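Converting from the sequence shown to full-length UniProt numbering requires adding 530 to each position, the first position being numbered 1.
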Amino acid sequence: IMQLYTPLNWFGTYYRMIQQNFIDMENMFDLLNEKQEVIDKKGAQELLVPRGRIVFKNVSFSYTPERPILNNVSFIVEPGKTIAVVGPTGSGKSTIMRLLFRFYDINKGSISVDDINIKDYTQKSLRQAIGVVPQDTVLFNESIFYNIRYGRVTATDEEVKDAARNADIHDKIVTFPDQYDTKVGERGLKLSGGEKQRVAIARTLLKNPTFILLDEATSALDTQTERNIQTALQKVCADRTVLVVAHRLSTIIHADTILVLKDGMIIERGRHEELIAIDGVYSNMWRQQLEANNNSSDNDQPSDQN
Ligand code: ATP
531 IMQLYTPLNW FGTYYRMIQQ NFIDMENMFD LLNEKQEVID KKGAQELLVP RGRIVFKNVS
591 FSYTPERPIL NNVSFIVEPG KTIAVVGPTG SGKSTIMRLL FRFYDINKGS ISVDDINIKD
651 YTQKSLRQAI GVVPQDTVLF NESIFYNIRY GRVTATDEEV KDAARNADIH DKIVTFPDQY
711 DTKVGERGLK LSGGEKQRVA IARTLLKNPT FILLDEATSA LDTQTERNIQ TALQKVCADR
771 TVLVVAHRLS TIIHADTILV LKDGMIIERG RHEELIAIDG VYSNMWRQQL EANNNSSDND
831 QPSDQN
């Protein structure tokens, strides 16, 4: 997909696609490191051995001046803890992730990692410390080996297979015609949503980042696939600092903190039980999901099939 000779607006288009869909492509930034919207400051330092602390302090942000998106957002995630962000569509959940990845600079407030403003780090080292499991993973028209190894290009075949096992996709891969050499992507074998997600998890396991940004898939998966993915996610998230944008509340009942975002503001925060106890917006969302689940429990759609 790296056709450097295509027209000038190619870069702009792809840059926005990356920002928007949160494709974890720091290597692509290397190739195209001109014309970035965010620039390293002079003498920026390397984030070499991250501990894993995130602090958002009074963060306000807008993509365009006339429309504020985040308004005075503050939260702390301690190393190894999981914070979940929930809220209606358009409330700014993914924006929080994009800002931590520093796709954009903020207008007011500060974002720091290990108590240093992320603007003081090189973007490369900051992004190296962050693994992203996006909603929809982009696969290259290459072998499955290549696609997983993308998480750490120096990984050995055995390491790639280990990551695939831990992401619960190995058993599937060995059923492909050429196993790990099978070409996937648009022009190869098409993987299902659940399989692509496990490729993303395998990549992230190889990358071994301190921070994980997890954009939970909205698409419904069948119960078994969902379970496999949850198990794989638990492995990849263990002992790391995790920021998850959650759509199904059932997946975040064990989060250390849940933030409820509405119109760019945090309107409730706490653990699941605490938010249920205050009987506000979150507990309302919870009731609605329980009802929706009850209504659809007898039509599990098997969507992880080829
Ligand atoms: P969803 O649950 O639907 O994914 P979200 O809570 O993650 O929504 P964001 O993606 O953070 O919402 O978007 C917040 C708001 O910012 C939305 O109204 C969106 O239209 C707007 N927005 C997002 N990206 C841009 C952009 N590049 N330029 C202008 N506005 C944007």
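All C-beta atoms, glycine included, are put in the ideal place defined by N, C-alpha and C.
In this text, all values refer to a predicted model and were calculated from it rather than measured experimentally.
Is the beta carbon of residue j closer than 9 Å to that of residue i?
i      : j      : result
Leu773 : Ile646 : no
Arg770 : Gly661 : yes
Ala732 : Ala697 : yes
Ile584 : Phe741 : yes
Gly610 : Gly639 : no
Asp666 : Gly723 : yes
Glu672 : Val714 : yes
Thr652 : Glu567 : no
Glu626 : Leu600 : Checking the sequence, you will find Ile at residue 626 rather than Glu. Cβ distance < 9 Å, so Ile626 and Leu600 count as in contact.
Trp816 : Ile808 : no
Val603 : Gly794 : yes
Glu689 : Arg682 : yes
Please report the Cβ distance between residue i and residue j, rounded to the nearest whole angstrom; I am assuming they are in contact, meaning their Cβ atoms lie under 8 Å.
i      : j      : result
Leu744 : Val668 : That belief does not hold up - the Cβ atoms of Leu744 and Val668 are roughly 16 Å apart, past 8 Å.
Lys649 : Lys571 : 6 Å
Val790 : Val616 : 6 Å
Ile759 : Gln727 : 6 Å
Phe670 : Asp711 : Their Cβ separation, rounded to whole angstroms, is 14 Å, which puts Phe670 and Asp711 out of contact at 8 Å.
Lys792 : Pro618 : 6 Å
Let's test the definition: count the other Cβ atoms within 10 Å of the Cβ of residue i and tell me whether it reaches 16, buried, or not, exposed.
i      : result
Leu735 : buried
Arg657 : buried
Gln754 : exposed
Ile796 : buried
Pro739 : buried
Tyr812 : buried
His784 : exposed
Pro595 : exposed
Ala762 : buried
Asn836 : Note that Asn836 has pLDDT 39, beneath the 50 cutoff, so the model's placement of it is unreliable and the number below is only indicative. Classification for Asn836: exposed.
Lys720 : exposed
Ala822 : exposed
Glu716 : exposed
Glu803 : exposed
Gln818 : exposed
Just tell me which of the options has its CA closest to the CA of residue i.
i      : options                           : result
Thr787 : Gln653, Asp752 and Gly800         : Gly800
Asn588 : Val616, Pro580 and Ser642         : Ser642
Val775 : Gly622, Ala685 and Lys691         : Gly622
Leu629 : Asn602, Asp809, Ile699 and Phe591 : Phe591
Asp644 : Gly573, Ile606 and Val683         : Ile606
Glu746 : Ser624, Asp708, Tyr593 and Arg682 : Ser624
Arg632 : Ala659, Glu716 and Glu608         : Ala659
Glu608 : Glu803, Tyr593 and Pro580         : Pro580
Tyr593 : Ile782, Tyr634 and Asn824         : Tyr634
Ser780 : Gly620, Leu820 and Gln764         : Leu820
Ser655 : Ala574, Gln709, Val704 and Lys691 : Ala574
Asp692 : Lys737, Gln818, Phe706 and Pro707 : Lys737
Is any beta-carbon of chain D found at less than 9 Å from that of residue i?
i      : result
Pro707 : Of the protein chains in this structure there is only one, and it is not chain D.
Point to revise | Residues with C-beta closer than 5 Å to any heavy atom of the ligand ATP, in chain order | key: Tyr593, Ile599, Thr619, Gly620, Ser621, Gly622, Lys623, Ser624 and Thr625
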